[in-house]
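All the letters of the sequence shown, read from the start, carry residue numbers 1452 to 1584 under the numbering used here.
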Amino acid sequence: MSERSIQKGTINAHSGEPPSEQTGKGILVYREKGYKCGIDVTLAVVGGKWKASILWHLARETMRFSDLQRQFVETTRKMLTQQLRELEADGLVHREVYPQVPPKVEYSLTAKGRSLTPVLEMMCDWGRDYLQD
């Protein structure tokens, strides 16, 4: 993840290092943009129309691209590819390419991606509870 940055008075969004005591304010830096709140960083990483759902499906099982396409019929191949590439670049999704014809590509969660599973489960529960109220 080449987009990490640590500066004086900055909290690294990936390592959670504390801010410098000299500045008193911490700024989380993700993709060269500063955030004041961890929630904003989380939404920047997993926000978007499809990312959380992709992570939710991959938390259950490793999936091929065609399996993911069947789950997300409302999105285009290009958009799904873009979302998967961003999740891969952020270290949440692992892409395994098998050298065969036709090409076989599987997607799974990395350890960092799996760490989001409890958050996704809580979001799912909250959504169900919200609709019942």
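Heads up, the beta-carbon is just placed ideally off N, CA and C, and yes, glycines get one too. Source: prediction; values computed, not measured.
Original post:
Is the CB-CB distance between residue 1563 and residue 1543 below 8 Å?
Top reply: yes
Original post:
Of the residues 1485, 1508 and 1484, which one's Cα is nearest the Cα of residue 1560?
Top reply: 1508
**OP:** Look at the alpha carbon of residue 1524 and the alpha carbon of residue 1486, and state the distance between them as a whole number of angstroms.
**Re:** 33 Å
**OP:** Ignore the nearest five residues each way along the sequence and tell me which others in residue 1548's own chain have a CB closer than 8 Å to its CB.
**Re:** 1554, 1555 and 1556
Subject >> Between the CA atoms of residue 1501 and residue 1521 - distance to the nearest angstrom >> reply: 13 Å
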